[in-house]
Amino acid sequence: MLFKNLLIGWRNIRKNGIFSVINILGLSLGIAVVTLILFWVVDELNFDRFHKNIDQIYTVYEHQQYSEGQELFTACTPFPLAQEFINEFSEVEQATTFAYVGDHLMRYGDKEIKDGPFLCVDSSFMEVFSFEIKEGEKDALSAPDKMIIDEEVAASLFGDEPAVGKTIKINDGQSLTVGAVAKKIGKNSSIGFKVLIPIRFLQNEYGVDPTRWGNNWPRTSLVLAENADAEGLNAKITNFLKERGQDNTTLYLFPFQKERLHSFSGKNNRIQYIYQFLGIAFIIILIASINFINLSTAKAEQRRPEVGIRKVLGANKFSILNQFLQEKGMMIILSLLLSIILVLLFIPAFRSVSDKTVSLGLLQNKFMLMMLLGVVVTVLVLSVVYPAVYISSFSPAQAIKKAHNGRKGKLGLKNILVVLQFVLSVVLITGTLVISQQLRFINNYDLGYNHANLVYLPLSGEAKTKHEVLKKEFTRISGVINLTRTDRVPFYGGNSSWGFEWEGKNPENKVLICNMQADRNYFETLGIEMAEGNNFPESYEEVQNQETLKSPKIILNQEAVRRMQLMDPVGKFFGRSGDEEKGTIAGVVSDFHFESLHRGVEPMVITPLFSSPDYIIVRIDPTVFKQTIETIKQAWAGVLPQSVCEVKFFDDEIEGLYNSEVRISGLFRYFTFVAIFISCIGLFGLSLFVIERRRKEIGVRKVNGAKIGEVMFLLNKDFIRWVVIAFVIACPIAWFVMHKWLENFATKTNLSWWIFALSGFMALLIAILTVSWQSFKAATRNPVEALRYE
Numbered sequence: 044m045l046f047k048n049l050l051i052g053w054r055n056i057r058k059n060g061i062f063s064v065i066n067i068l069g070l071s072l073g074i075a076v077v078t079l080i081l082f083w084v085v086d087e088l089n090f091d092r093f094h095k096n097i098d099q100i101y102t103v104y105e106h107q108q109y110s111e112g113q114e115l116f117t118a119c120t121p122f123p124l125a126q127e128f129i130n131e132f133s134e135v136e137q138a139t140t141f142a143y144v145g146d147h148l149m150r151y152g153d154k155e156i157k158d159g160p161f162l163c164v165d166s167s168f169m170e171v172f173s174f175e176i177k178e179g180e181k182d183a184l185s186a187p188d189k190m191i192i193d194e195e196v197a198a199s200l201f202g203d204e205p206a207v208g209k210t211i212k213i214n215d216g217q218s219l220t221v222g223a224v225a226k227k228i229g230k231n232s233s234i235g236f237k238v239l240i241p242i243r244f245l246q247n248e249y250g251v252d253p254t255r256w257g258n259n260w261p262r263t264s265l266v267l268a269e270n271a272d273a274e275g276l277n278a279k280i281t282n283f284l285k286e287r288g289q290d291n292t293t294l295y296l297f298p299f300q301k302e303r304l305h306s307f308s309g310k311n312n313r314i315q316y317i318y319q320f321l322g323i324a325f326i327i328i329l330i331a332s333i334n335f336i337n338l339s340t341a342k343a344e345q346r347r348p349e350v351g352i353r354k355v356l357g358a359n360k361f362s363i364l365n366q367f368l369q370e371k372g373m374m375i376i377l378s379l380l381l382s383i384i385l386v387l388l389f390i391p392a393f394r395s396v397s398d399k400t401v402s403l404g405l406l407q408n409k410f411m412l413m414m415l416l417g418v419v420v421t422v423l424v425l426s427v428v429y430p431a432v433y434i435s436s437f438s439p440a441q442a443i444k445k446a447h448n449g450r451k452g453k454l455g456l457k458n459i460l461v462v463l464q465f466v467l468s469v470v471l472i473t474g475t476l477v478i479s480q481q482l483r484f485i486n487n488y489d490l491g492y493n494h495a496n497l498v499y500l501p502l503s504g505e506a507k508t509k510h511e512v513l514k515k516e517f518t519r520i521s522g523v524i525n526l527t528r529t530d531r532v533p534f535y536g537g538n539s540s541w542g543f544e545w546e547g548k549n550p551e552n553k554v555l556i557c558n559m560q561a562d563r564n565y566f567e568t569l570g571i572e573m574a575e576g577n578n579f580p581e582s583y584e585e586v587q588n589q590e591t592l593k594s595p596k597i598i599l600n601q602e603a604v605r606r607m608q609l610m611d612p613v614g615k616f617f618g619r620s621g622d623e624e625k626g627t628i629a630g631v632v633s634d635f636h637f638e639s640l641h642r643g644v645e646p647m648v649i650t651p652l653f654s655s656p657d658y659i660i661v662r663i664d665p666t667v668f669k670q671t672i673e674t675i676k677q678a679w680a681g682v683l684p685q686s687v688c689e690v691k692f693f694d695d696e697i698e699g700l701y702n703s704e705v706r707i708s709g710l711f712r713y714f715t716f717v718a719i720f721i722s723c724i725g726l727f728g729l730s731l732f733v734i735e736r737r738r739k740e741i742g743v744r745k746v747n748g749a750k751i752g753e754v755m756f757l758l759n760k761d762f763i764r765w766v767v768i769a770f771v772i773a774c775p776i777a778w779f780v781m782h783k784w785l786e787n788f789a790t791k792t793n794l795s796w797w798i799f800a801l802s803g804f805m806a807l808l809i810a811i812l813t814v815s816w817q818s819f820k821a822a823t824r825n826p827v828e829a830l831r832y833e
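Take the sequence shown: its letters are residues 44 to 833, numbered as in our numbering.
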């Protein structure tokens, strides 16, 4: 019986070729894309899961509160915090302190590379986190003169030679011995490093005092005892810093395993992308299943006589149900096999777009298997069981009738499902348009400075001591329009402090102000306008020691003046609390963004550059851009022949601030296209069936004088009505979803009416183009062909 039912099923699949292809292709494409989405989701959920004590690791966060609702959530904490927690709280089993310090020069013999990031850590770092060691001992950092490098750095410096025991010179200054080589950190780690060095590097390189409570730089991570009460410890540490003089700061613990997908502030949570992608996966599989249901139930109308005759001959409902379950099950199996082939074909492109190292090995993940099982069950229930039950439920008398007597205009299940398809499609189209609009808005937004044709060169080691020579050499190059030296580039913010005093300050007014040092060419080079007052004096270019200045000039941005509630700020004093000599406000610059647009412009103070800069920023003549870059590298080599010249572009760095959104946007577009494509082939199949069922009606109308346009309108109007209904339902849903997404940006585009109108128009156009092909063929067909059997 099983073989007989399968044979009948195969014959029906071949008989209904176009409908079978549409069903199998739509379902297999849906399953394949959903599988890729689940790969992405599982990869995100697997971040940091390789750490052994992941459930016991917590990060200490600060919540700093200032005037006018200004607040800062940060994982930057005081240096002594980790050790103090171990001493005071029995719940803390281990604690570590670590800080990122960017890329640095490394020299071994005649080999030199610049790589990073460097991570300054204490001796407990490798005990708290489970990074794998390839060569050497895991406790290498317990020695103050040892370092750990990853296998890529080891290969660059030492080739195939053993790395352990060799000495590397950092920034042409201090030397450290390689104590161990770590395996390359995978992309599934939120902590990335190429080099681990002792925390004392900060003191030697940056003059940081690791005993000061007021210096918030490193992150502090704790391992709590197995049965420790994290909430209870949270209550104990809340006022820990307030008792040590930081009365505006509270401390909290945040689970390390949640950091990838959740932010401590509750804003910019990456978990929203997990929900959105799971939502898209559900939409795609739902659309594919709706296609299967609609086409299966539509074709079932043509098999009424078959069901009726079989029932008259004695077949019961369950035997018919069993036959159709096996027939539809065969189509599901074919769809699953084709979906596996499609996944293998799509994986390379998916890796490129998503920047994920996904592979079929993820199928071993329990969560992945459960989700795929859920997809298969959903498909089986929606696509197989309902059509089979629907067909087997025909009564013999009803089934033998040649035509179905359903009342015209009744909103049946097929119509509801088609409307649902278009609702989902309009939501996806709107989401794609809003994300693209926000990215265009970001690209075209005025950041307050002109970033076109700007490059910067990071300085370290000997380059920092020879910045004056480099400046002179660069200014001689004809393609260099202007250049400046600074300790910050306007991408990633900077150090912030609230311990400032100014003339007329309200004692209750606490303002967090970002600090930056720059020479007087900074504003001209970047194209930042002075709102009032003057630039730094030219005489500052010759000052080597700021101690010789009794009242140095400083410059504020407009946001700082507003937050400080200063009227006529130029000429008034400004300085750090406790300093004997206060600076004088020389001028106020227009606001410019020095972080991504996820955050607004914050208060900033720019002080003269009296120490060695970290960067040289150069504006280049666009007509000789490439030639000038090469000349700059040659000039660098003339001054620093042993040092690597690294030229970075402002436009690339700004674009990198939104890599996550760009990748999400790319995936969203591809998934939306797939969902719309599946909807289209389903709509095509349904329109083909509807037109075939009305073939004789069309013939009669044409014989009676109906024109081609009238026939096409008759056939298209139902589909147009469904799209209009779907658009009305989809608009508020799409608005709510995208409004929540845009909350991640301090500066954002508007949800304009035209975005929703364009989404509706696109959905309508797609539906009309899909259906009109078949309706035009029907309208131009010779009516004799339709009526020849009458």
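Built from N, CA and C at the ideal position, the CB exists for glycine as well.
Just so it is clear, the structure is predicted and the values come from calculations on it, not from any experiment.
For residue 19 versus residue 148, is the C-beta spacing smaller than 8 Å? For residue 19 there is no data in the structure shown, the boundaries of the chain being 44 and 833.
Could you tell me whether the Cβ atoms of residue 703 and residue 814 are closer together than 8 Å? Here residue 703 is taken as the residue at index 660 of the sequence shown, counted from 1. Here residue 814 is taken as the residue at index 771 of the sequence shown, counted from 1. No; because the gap between Cβ atoms is not below 8 Å, this pair is not in contact.
Hey, is residue 739 close to the ligand ATP, as in C-beta under 7 Å from one of its heavy atoms? In terms of ligand content, the structure shown is empty, and the ligand ATP therefore cannot be addressed.
With distance defined between alpha-carbon atoms, name the residue in 527, 469, 648 nearest to residue 543. Your numbering for residue 543 matches position 500 in the sequence shown. Per the Cα distances, 648.
Beta carbon of residue 34, beta carbon of residue 185: below 8 Å? Here the chain comprises residues numbered 44 to 833, so residue 34 is not present and cannot be evaluated.
Please confirm whether residue 473 and residue 799 have their CB atoms less than 8 Å apart. Walking along the sequence shown from the start, residue 473 turns up at place 430. Walking along the sequence shown from the start, residue 799 turns up at place 756. In this structure, residue 799 lies closer than 8 Å to residue 473 by Cβ.
So the beta strand (DSSP E) residue 647 belongs to, where does it begin and stop? One-based indexing of the sequence shown puts residue 647 at position 604. Here the beta strand (DSSP E) through residue 647 covers 647-651.
Check residue 520 in the structure and name its three-state DSSP category. On the sequence shown, residue 520 is found 477 positions in, with the first residue counted as 1. Correct three-state label for residue 520: coil.
Alpha carbon of residue 412 to alpha carbon of residue 406, nearest angstrom: Walking along the sequence shown from the start, residue 412 turns up at place 369. Walking along the sequence shown from the start, residue 406 turns up at place 363. Rounded to whole angstroms, residue 412 to residue 406 spans 6 Å at the Cα level.
Terminal residues of the beta strand (DSSP E) in which residue 117 lies: Against the sequence shown, residue 117 aligns to sequence position 74. Counting along the chain, the beta strand (DSSP E) containing residue 117 begins and ends at 114-117.
When you compare only the Cα positions, how much space is there between residue 63 and residue 230? Taking the sequence shown and counting its residues from 1, the one referred to as residue 63 is at position 20. Taking the sequence shown and counting its residues from 1, the one referred to as residue 230 is at position 187. So the two alpha carbons sit approximately 42 Å from each other.
Cβ distance (whole Å) where residue 745 is taken to contact residue 754 below 8 Å: The residue labelled residue 745 in the question sits at position 702 within the sequence shown. The residue labelled residue 754 in the question sits at position 711 within the sequence shown. Yes, residue 745 and residue 754 are in contact; Cβ-Cβ is about 7 Å, under 8 Å.
Just the Cα atoms here: how many angstroms apart are residue 697 and residue 410? Taking the sequence shown and counting its residues from 1, one reaches residue 697 at position 654. Taking the sequence shown and counting its residues from 1, one reaches residue 410 at position 367. So the alpha carbons of these two residues sit roughly 36 Å apart.
Is there contact here, the segment 108-126 with the segment 260-273, by at least three beta-carbon pairs under 8 Å? yes
How is the beta strand (DSSP E) around residue 241 delimited, first residue to last? As a working note, residue 241 is residue 198 in the sequence shown. Residues 238-241.
How should residue 591 be labelled, buried or exposed, when 16 other C-beta atoms within 10 angstroms of its C-beta is the threshold for buried? As a first step, residue 591 is located in the sequence shown; it is residue number 548 there, counting from the start. Only weak support exists for where residue 591 lies, its pLDDT of 48 falling under 50; the value from the coordinates is given anyway. Exposed, because fewer than 16 other Cβ atoms sit within 10 Å of the Cβ of residue 591.
Does residue 557 come out as helix, strand or coil in the three-state DSSP assignment? Taking the first residue of the sequence shown as 1, we reach residue 557 at position 514. Residue 557 falls in the strand class under three-state DSSP.
Take residue 527 and list the residues in its own chain whose beta-carbon comes closer than 7 Å to its own, dropping the five residues that flank it on each side. Along the sequence shown, one-based indexing puts residue 527 at 484. Taken in chain order, the residues that qualify are 561, 562, 564, 565, 568, 660.
Closest by C-alpha distance to residue 818, when choosing among 789, 806, 766, 756: As a position in the sequence shown, residue 818 is number 775, starting the count at 1. When each option's Cα is compared against that of residue 818, the closest is 756.
Are there 16 or more other CB atoms within 10 angstroms of the CB of residue 779, so buried, or fewer, so exposed? One-based indexing of the sequence shown puts residue 779 at position 736. Counting Cβ neighbours within 10 Å, residue 779 comes out exposed, since fewer than 16 surround it.
Can you name the residues that DSSP bridges to residue 101? Along the sequence shown, one-based indexing puts residue 101 at 58. Its beta-bridge partners are 265, 298.
First and last residue of the uninterrupted alpha helix (DSSP H) at residue 743: Working through the sequence shown from its first residue, we reach residue 743 at position 700. Residue 743 -> alpha helix (DSSP H) spans 738-746.
Do you know offhand how far residue 116's Cα is from residue 105's? In the sequence shown, the residue the question calls residue 116 occupies position 73. In the sequence shown, the residue the question calls residue 105 occupies position 62. Distance between the alpha carbons of residue 116 and residue 105: 6 Å.
On the premise that residue 304 lies in contact with residue 87, defined as a C-beta separation below 8 Å, what is that separation, rounded to the nearest angstrom? The sequence position of residue 87 within the sequence shown is 44, counting from 1. The sequence position of residue 304 within the sequence shown is 261, counting from 1. Their Cβ separation, rounded to whole angstroms, is 7 Å, which keeps residue 87 and residue 304 in contact under 8 Å.
Can you tell me whether DSSP reads residue 499 as helix, strand or coil? Numbered from 1 along the sequence shown, position 456 holds the residue referred to as residue 499. Three-state DSSP puts residue 499 in a strand.
Residue 109 to residue 277, Cα distance in whole Å? The residue you call residue 109 lines up with position 66 of the sequence shown. The residue you call residue 277 lines up with position 234 of the sequence shown. Cα to Cα, the separation comes out at about 22 Å.
Residue 656 to residue 530, Cα distance in whole Å? In the sequence shown, residue 656 corresponds to position 613, counting from 1. In the sequence shown, residue 530 corresponds to position 487, counting from 1. Going by the C-alpha atoms only, they are around 5 Å apart.
Simplified DSSP assignment, three categories, for residue 571: Here residue 571 corresponds to residue number 528 of the sequence shown, with the count starting at 1. DSSP places residue 571 in coil when its eight states are reduced to three.
Residue 218 - partner residues in DSSP beta bridges: Along the sequence shown, one-based indexing puts residue 218 at 175. Its beta-bridge partners are 212.
Can you tell me the Cα-Cα spacing of residue 675 and residue 535, whole angstroms? On the sequence shown, residue 675 is found 632 positions in, with the first residue counted as 1. On the sequence shown, residue 535 is found 492 positions in, with the first residue counted as 1. Cα to Cα, residue 675 sits roughly 25 Å from residue 535.
Taking the straight line between their C-alpha atoms, what separation do you get for residue 803 and residue 767? One-based indexing of the sequence shown puts residue 803 at position 760. One-based indexing of the sequence shown puts residue 767 at position 724. Their backbone Cα atoms lie some 8 Å apart in a straight line.
So within the segment 159-200, which uninterrupted beta strand (DSSP E) runs reach at least 3 residues, ignoring any that extend past its ends? 161-164, 176-179, 189-193
With a CB to CB cut of under 6 Å and the five nearest residues on each side skipped, what residues in its chain are close to residue 576? If you number the sequence shown from 1, residue 576 lands on position 533. Cβ within range, chain order: 613, 629, 630, 631.
Can you list, in chain order, the residues of its chain whose CB lies under 6 Å from that of residue 324, leaving out five sequence neighbours each side? Within the sequence shown, numbered from 1, the residue matching residue 324 stands at position 281. Same-chain partners within the cutoff: 77, 80.
Count the other CB atoms within 10 Å of the CB of residue 816; is the residue buried (16 or more) or exposed (fewer)? Residue numbering aside, residue 816 sits at position 773 when the sequence shown is read from its first letter. That one is exposed.
Touch test, the segment 132-141 against the segment 671-686, Cβ-Cβ under 8 Å, three pairs minimum: no
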